[in-house]
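Asks:
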Amino acid sequence: MYKLLIADDEPKIRRGLSKLKWEELGVEVVGEAENGKVALQLAKELSPDIMFVDICMPFIGGLELITQIKEILPNCIIIIISGYDEFEYAKKALTLKIFDYVLKPVNRKELMETVKRALVALEQNLKNNQYINWAKYQVHKNKNTILQQFLSDWLNGRISSDKVYNQLNLLNIDYSKINLLFLVKPLEIENKDTVKLERDLLNFCLENILQEILAEYNQALIFHENDVVVVLLPMTQEDEILNIEKSIKMTISKYLGREVVTLYQKLNDDFLELPDYYKNLYKQLIANIEYTPIVQLAKCYIEKKYYDQDLSLIEVSKELNVSAAYLSRLIKKETGMSFKEYLTKIRISKAIDFMNNPTIKLYEIAENVGYSTQHYFSSAFKKITGVSPTVYRHGKDEGI
């Protein structure tokens, strides 16, 4: 049943209106008010769907009452009940978007027809509201998918800049606080057996890990575009950015066993320039990957396992699922060094880092970087640096 509230200062009018056969239309009279003040209070309490309002009432006049009703019950349909001498007031009421007006003395048939039209309008309003609520729910439920598509279209120039802000507002994105563009690209072996599903799954996992790492940043936007994961962040402090970058690399390596390359760029105030920032940063990211993915992965694996005395070309090739001979040729071709030479270079580089701590003995450093004896370590060290570890350390201590 739809609810009807009658507001008129004449008791006879109120009684006459309330006695009409409203139940036949699915309408119930839920209240009567003799003045504007009572009408406003009842409207707040009862939330009527339809109101009959007299223009001239004590305490709060009809026009003021309508204004206040529209503020608290914007979907309430208001029908003016007006005398002939108040017709000018009724015309003013039209500016308040009342549904209709009926002149006194009230013609019952005319009033019933007016209410029937009001009910049709209410039904339509209900359908519209249901559709709006459904649309909002769909946007909320599929926000990530919609956001992914929107940002992808925008970065690739498929959406004009004049429509971007409307889309951002529709998706409830506070772009004013986003000032950092961050790209994350997983290193993977290029082979024809790598199917799109596997790449999509990897991107999905990366996005979820990044969501967890960046959970404290409410405005963070994370999505994948082609072969990179794009992150938009409200962040400007350099040390904070570097900590996030380190955390991303460590977490992805730990949970996915993957190495990633990252690059970031601070944004200017004009968010519309994001596509240009993305294109330039993506080019830099690709240019920074100096080696093929296989060699990149081999280097990452060596740098993680350099301390293992048994680390070998065969072990690395098995890890990467390629032949040892093929990997050896690639490493030589792209680094100019054999596998053993590259491993030695990494080990000696790490050893030099350890030497910064004077409390660590040379034999301990040798063990820490993968040498079984100090003799082998010293020989390799001198081959790379030209001096023995002892001479190097003493020279460093003396500022040479």
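Position 299 of the sequence shown, counted from 1, bears residue number 299 in full-length UniProt numbering, the numbering being contiguous throughout.
A virtual CB, placed ideally from N, CA and C, is assigned to each residue, including glycine.
Using DSSP with H/G/I as helix, E/B as strand and the rest coil, what is methionine 112?
Replies: The sequence position of residue 112 within the sequence shown is 112, counting from 1. In the structure shown, methionine 112 sits in a helix (DSSP, three-state: H, G or I).
Asks: Do you know whose CA, among Met51, Asp174, Glu364 and Asn208, lies nearest leucine 114's CA?
Replies: Working through the sequence shown from its first residue, we reach residue 114 at position 114. In the sequence under discussion, the amino acid at residue 114 is threonine, which differs from the leucine named in the question. When only C-alpha atoms are compared, the closest one is Met51.
Asks: Would you kindly work out how many angstroms separate the C-alpha atoms of threonine 262 and glutamate 225, rounded to a whole number?
Replies: On the sequence shown, residue 262 is found 262 positions in, with the first residue counted as 1. On the sequence shown, residue 225 is found 225 positions in, with the first residue counted as 1. Computed Cα separation, rounded: 14 Å.
Asks: Would you decide whether phenylalanine 204 is buried or exposed? Buried here means 16 or more other CB atoms lie within 10 Å of its CB.
Replies: Numbered from 1 along the sequence shown, position 204 holds the residue referred to as residue 204. That one is exposed.
Asks: Where does tyrosine 371 land, buried or exposed, given buried means 16+ other C-beta within 10 angstroms?
Replies: Start at 1 with the first residue of the sequence shown, and residue 371 comes out as number 371. With 16 or more other Cβ atoms within 10 Å, it is buried.
Asks: Considering only the beta carbon of each residue, do leucine 187 and proline 358 sit closer than 7 Å?
Replies: Numbered from its first residue, the sequence shown carries residue 187 at position 187. Numbered from its first residue, the sequence shown carries residue 358 at position 358. Not in contact: leucine 187 and proline 358 (Cβ atoms no closer than 7 Å).
Asks: Since leucine 232 contacts isoleucine 286 with CB under 8 Å, what's their CB separation in whole angstroms?
Replies: Your numbering for residue 232 matches position 232 in the sequence shown. Your numbering for residue 286 matches position 286 in the sequence shown. Rounded, the Cβ-Cβ distance is 20 Å, inconsistent with contact.
Asks: Counting C-beta neighbours from all protein chains within 10 Å, is the total for glutamate 28 16 or more, i.e. buried, or is it exposed?
Replies: Residue 28 sits at position 28 when you count from the first residue of the sequence shown. So glutamate 28 ends up on the exposed side.
Asks: Three-state secondary structure (DSSP) at threonine 390?
Replies: Counted from its first residue, the sequence shown places residue 390 at position 390. Of the three classes helix, strand and coil, the one that applies to threonine 390 here is helix, per DSSP.
Asks: For leucine 202, which residues from the same chain have a beta carbon less than 7 Å from its beta carbon, with the 5 sequence-adjacent residues on both sides left out?
Replies: Position 202 of the sequence shown, counted from the first residue, corresponds to residue 202. Counting only Cβ-Cβ distances below 7 Å, and skipping sequence neighbours, we find Pro186.
Asks: Tell me, please, which residues DSSP counts as bridged to phenylalanine 52.
Replies: Here residue 52 corresponds to residue number 52 of the sequence shown, with the count starting at 1. BP columns for phenylalanine 52 point to Ile6 and Ile79.
Asks: Can you tell me which of Val120, Leu111 and Lys127 puts its alpha carbon nearest to the alpha carbon of leucine 20?
Replies: Counting from 1 along the sequence shown, the entry for residue 20 is found at position 20. The shortest Cα separation from leucine 20 among Val120, Leu111 and Lys127 belongs to Leu111.
Asks: Pull up the distance between the alpha-carbon of lysine 254 and that of glutamate 303, whole angstroms please.
Replies: Locating residue 254 in the sequence shown gives position 254, where the first residue counts as 1. Locating residue 303 in the sequence shown gives position 303, where the first residue counts as 1. Taking the straight line joining both Cα atoms gives about 15 Å.
Asks: Quick check on this structure: which residue in Val106, Leu126, Ser18 and Ala7 has the alpha carbon closest to the alpha carbon of isoleucine 69?
Replies: For the purposes of this step, residue 69 is identified with residue 69 of the sequence shown, where counting begins at 1. Cα-wise, what sits closest to isoleucine 69 is Ala7.
Asks: With 16 other CB atoms within 10 Å as the buried threshold, where does methionine 235 fall?
Replies: The residue labelled residue 235 in the question sits at position 235 within the sequence shown. Result: buried.
Asks: Could you have a look at glycine 336 and say whether DSSP puts it in helix, strand or coil?
Replies: Along the sequence shown, one-based indexing puts residue 336 at 336. Here glycine 336 sits in coil by DSSP.
Asks: Just curious, the alpha helix (DSSP H) that leucine 362 is in, first and last residue?
Replies: Start at 1 with the first residue of the sequence shown, and residue 362 comes out as number 362. Unbroken alpha helix (DSSP H) run through leucine 362: 362-368.
Asks: Assess, as a yes-or-no matter, whether the region 375-388 is touched by the region 343-353 under the definition of 3 or more beta carbon pairs within less than 8 Å.
Replies: Yes, the region 343-353 touches the region 375-388.
Asks: Please classify glycine 157 as buried or exposed, where buried requires at least 16 other C-beta atoms within 10 Å of its C-beta.
Replies: On the sequence shown, residue 157 is found 157 positions in, with the first residue counted as 1. Exposed, since its Cβ has fewer than 16 Cβ neighbours within 10 Å.
Asks: Keeping to the same chain, check which residues put their C-beta closer than 6 Å to that of glutamine 167; ignore five residues upstream and five downstream.
Replies: In the sequence shown, counting from the first residue as 1, residue 167 sits at position 167. Closer than 6 Å at the Cβ level, and outside the excluded window around glutamine 167, lie Phe150.
Asks: Going by the DSSP bridge assignment, what does lysine 185 pair with across the sheet?
Replies: In the sequence shown, counting from the first residue as 1, residue 185 sits at position 185. DSSP, once it has assigned bridges, lists Val261 as partnering lysine 185.
Asks: Could you check which residue in Asn35, Ser18, Asn268 and Glu259 has the C-alpha nearest to that of arginine 108?
Replies: By one-based count along the sequence shown, residue 108 stands at place 108. If we check each option's Cα against that of arginine 108, Ser18 comes out closest.
Asks: Below 8 Å CB to CB, which residues in the same chain sit around glutamate 207 once its five sequence neighbours on both sides are set aside?
Replies: Within the sequence shown, the letter at position 207 stands for residue 207. Excluding sequence neighbours, glutamate 207 sits near Ile222, Phe223, His224 and Val229.
Asks: Nearest by alpha-carbon distance to leucine 122: which of Gly26, Lys332 and Ile173 is it?
Replies: Locating residue 122 in the sequence shown gives position 122, where the first residue counts as 1. It is Gly26.
Asks: Round the Cβ separation of aspartate 54 and isoleucine 81 to the nearest angstrom and send it over; I've been treating them as touching at under 8 Å.
Replies: Here residue 54 refers to the residue found at position 54 of the sequence shown. Here residue 81 refers to the residue found at position 81 of the sequence shown. 5 Å between Cβ atoms; contact.
Asks: Compare the C-alpha of residue 415 against each of Tyr392, Asn169, Leu40 and Ser328 and name the closest.
Replies: Residue numbering for the chain in the displayed model covers 1 to 400; residue 415 lies beyond these limits and cannot be assessed.
Asks: When DSSP builds the beta bridges, which residues end up paired with lysine 266?
Replies: Along the sequence shown, one-based indexing puts residue 266 at 266. Per DSSP, Leu180.
Asks: Can you grab the Cα-Cα spacing for the pair leucine 171 / aspartate 276, in whole Å?
Replies: Here residue 171 refers to the residue found at position 171 of the sequence shown. Here residue 276 refers to the residue found at position 276 of the sequence shown. One C-alpha to the other measures close to 22 Å.
Asks: Consult DSSP for leucine 221 and reduce its assignment to one of helix, strand or coil.
Replies: Stepping through the sequence shown from its first residue, residue 221 is reached at position 221. Strand at leucine 221.
Asks: Which of helix, strand or coil does DSSP assign to aspartate 193?
Replies: By one-based count along the sequence shown, residue 193 stands at place 193. Legend: pLDDT at aspartate 193 = 46, less than 50; position of this residue unreliable, no value from coordinates given.
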